[in-house]
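See structure below.
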Amino acid sequence: MSMLKFVFVACALFSNSIMSVVGAPTLRGTSSAAAAATGTSAVVEEVYNVDYVHEWSMFNNFLDRFEKKYETLEDFVSRFGVFRSNLRHIIVHNMDHTQNFTMAVNAFTDLTAEEFKAKYVGGMLKRGSDVKKSSCKSFTSTSAPSSETLDWVTKGGVTPVKNQGQCGSCWSFSATGAMEGAWFTHSGNLVSLSEEQLVECSKKYGNMGCNGGMMDNAFQYAIDHGMCSEEAYPYTSGTGTTGSCQKCTPVVTMSSCANVAANNQVVLKAAVALGPVSIAIEADTAVFQSYSSGVITSSKCGTTLDHGVLIAGYGVEDGIKYWLVKNSWGADWGVNGYVKIERSDSTNDEGICGIAMEASFPIV
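Numbering (UniProt numbering) for the sequence shown: 1 to 364.
In structure tokens form, the structure reads like this:
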């Protein structure tokens, strides 16, 4: 009997009653060649323990759901260890009834905090580091509807959630989202715009492709060149490799842009009342890595801005005011790709996750 087969048998014999429900675990995500070339004693040691049975079953479900593949058995074992650690953090968090949001297993659960940060956040450049200054004017209006609920998604002004992949291009998704919304409020038509155009063509404006950028810079590029559709210039940088700028025919133009007064959520609400708004947040913590539902009220996410997203509305849930934020990590993350972050009426507050620190929007 091979060592690989022994793992299956050992697990099955260990708890027939449990396995009859969840199914005998198999080494999904690693090739038979890798298993043959590497000993499996580490895997046996990991799974031959009653404390691991449920985690092992969940890991196998995770592999199937997110189509995870690992090159070697060592990597497989390592990822299972990371998954277990993150899973236990998720369980502990969800048992804390003082929290207003839940966590869950998602595509990032086999990543360490360092890996998650390196691959999916850090795509925001700091204002002042840009090469070409944008012409964005200041927005300081406090004139907003008294209603505590506004949803640009249900109004038809927001495109489906997209996925930036392993490219630090969050800024481009935030910018296109705001421009899509601005064009919708102007024309009544929702057009999905090209992130790839911004990633490949706006470097002279201070953006750095998969290595980061700024929404203001993207707006300035769009003002000067116009924006092409997603269909004409599709996104191809999800692996982290960016091509050269291609010619395309613009379908949307912008005339100017505005920077929302910093740390003022009353002004920010007035801006969102006009249309979706680009913002920067800190998203490199477990709060975002494992977010599932509810309203983030915790200051644990920090205010060191490193991720560009889009405010698509605001509302109230269980008595807590929130901002409805569209992310660019696919629809499997969060609430169908969205996250709710606590909102206040403060005029001198960085906001949860730094949500009020750097907001801007384009003008058609």
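No residue lacks a Cβ here, since even glycine has one placed at the ideal position from N, Cα and C.
Can you tell me whether S57 is buried or exposed? The criterion is at least 16 other CB atoms within 10 Å of its CB, across all chains shown. With a 10 Å radius around the Cβ and a threshold of 16 neighbouring Cβ atoms, S57 comes out buried.
Let me make sure I understand the geometry here. Which of G165, M227 and C167 has the alpha-carbon closest to that of A175? Taking only the C-alpha atoms, the option nearest A175 is M227.
Beta carbon of A270, beta carbon of A144: below 7 Å? Yes, they are a contact pair.
Any idea if T109 is buried or exposed, counting beta-carbon neighbours within 10 angstroms, 16 or more meaning buried? Classification for T109: buried.
Under a three-way DSSP split, which group does H97 fall into? Coil at H97, not helix or strand.
Does the beta-carbon of M208 have 16 or more other beta-carbons within 10 angstroms, so that it is buried, or is it exposed? The residue in question, M208, is buried, as its Cβ has 16 or more Cβ neighbours within 10 Å.
Measure how close the beta-carbons of C245 and E200 come, nearest whole angstrom, since I'm counting them as under 8 Å. The C-beta distance from C245 to E200 rounds to 5 Å, short enough to meet the 8 Å contact threshold.
T347 and V252 look like a contact to me (Cβ under 8 Å); what is the Cβ gap, rounded to whole Å? T347 to V252, Cβ: 33 Å. No contact.
Under DSSP, the beta strand (DSSP E) around S360 begins and ends at which residues? Counting along the chain, the beta strand (DSSP E) containing S360 begins and ends at A359 to I363.
For a minimum of 4 consecutive residues, which ranges assigned as the alpha helix (DSSP H) are wholly contained in the segment 181–269? Qualifying alpha helix (DSSP H) stretches, in chain order: 195–201 and 215–225.
Own chain, CB closer than 7 Å to G243, minus 5 neighbours either side, in chain order: E200 and T236, listed in sequence order.
Tell me whether F80 sits in a helix, a strand or coil according to DSSP, three-state version. In the structure shown, F80 falls within a helical segment according to DSSP collapsed to helix, strand and coil.
W152 versus N100, V325 and S141, residue with shortest Cα-Cα distance: Among N100, V325 and S141, the Cα nearest to that of W152 is on V325.
Pop quiz: H186 and V364 are said to be a contact at Cβ under 8 Å. What is the actual Cβ separation, rounded to whole angstroms? 4 Å between Cβ atoms; contact.
By the three-class DSSP mapping on this structure, what secondary structure does Y120 have? Of the three classes helix, strand and coil, the one that applies to Y120 here is helix, per DSSP.
Of the choices N263, K204, E231 and G238, whose alpha-carbon is the least far from that of H225? The option with the nearest alpha carbon to H225 is K204.
F184 and V260 closer than 7 Å at C-beta: At a Cβ-Cβ threshold of 7 Å, F184 and V260 do not count as neighbours.
Nearest CA to the CA of E230: which residue from M214, N217, T249 and G213? Nearest of M214, N217, T249 and G213 to E230, Cα basis: T249.
Out of G123, F59, S278 and T149, which one is the CA nearest neighbour of F361? Measuring from the Cα of F361, the nearest candidate turns out to be S278.
Going straight from the alpha carbon of G302 to that of E342, what length do you get? If I take the Cα positions, the gap works out to 13 Å.
Helix or strand or just coil, what does DSSP make of G337? The answer is coil: DSSP assigns G337 none of H, G, I, E or B.
Does the Cβ of M215 have 16 or more other Cβ atoms within 10 Å, making it buried, or fewer, making it exposed? When all chains shown are included, M215 counts as buried.
Residue(s) in a DSSP beta bridge with K326: In DSSP, K326 forms a bridge with L310 and Y338.
Go ahead and label N336 buried or exposed: buried means 16 or more other beta carbons lie within 10 angstroms of its beta carbon, across all protein chains shown. Exposed, since its Cβ has fewer than 16 Cβ neighbours within 10 Å.
Taking only three categories from DSSP, how would you classify Y52? Note: Y52 maps to helix in three-state DSSP.
Drop a sphere of 10 angstroms on the beta-carbon of M124, count the other beta-carbons inside from all chains shown, and report buried for 16 or more, exposed for fewer. Burial call: buried.
Taking DSSP as the reference, what is the three-state secondary structure of A280? Three-state result, A280: strand.
Beta strand (DSSP E) segment containing F139, residue limits: It spans K137 to F139 - the beta strand (DSSP E) in which F139 sits, taken as one unbroken run.
Name the one or two DSSP bridge partners that K162 has. Looking at the DSSP assignment, K162 forms no beta bridge with any residue, so it has no partner.
Within 8 Å, do at least three Cβ pairs link the segment 284–295 to the segment 91–106? The segment 91–106 makes contact with the segment 284–295, as at least three CB pairs between them are under 8 Å.
Considering only C-alpha positions, which residue in the set L111, R88, E148 and L310 is nearest to D75? The candidate whose alpha carbon is nearest that of D75 is L111.
Proximity winner among V161, C170, E180 and T304, relative to N189 (alpha-carbon distances): Selected option, being the one with the closest Cα: E180.
Distance check for V295 and T149, CA to CA, integer angstroms please. Distance from the CA of T149 to the CA of V295, rounded to the nearest whole angstrom, comes to 15 Å.
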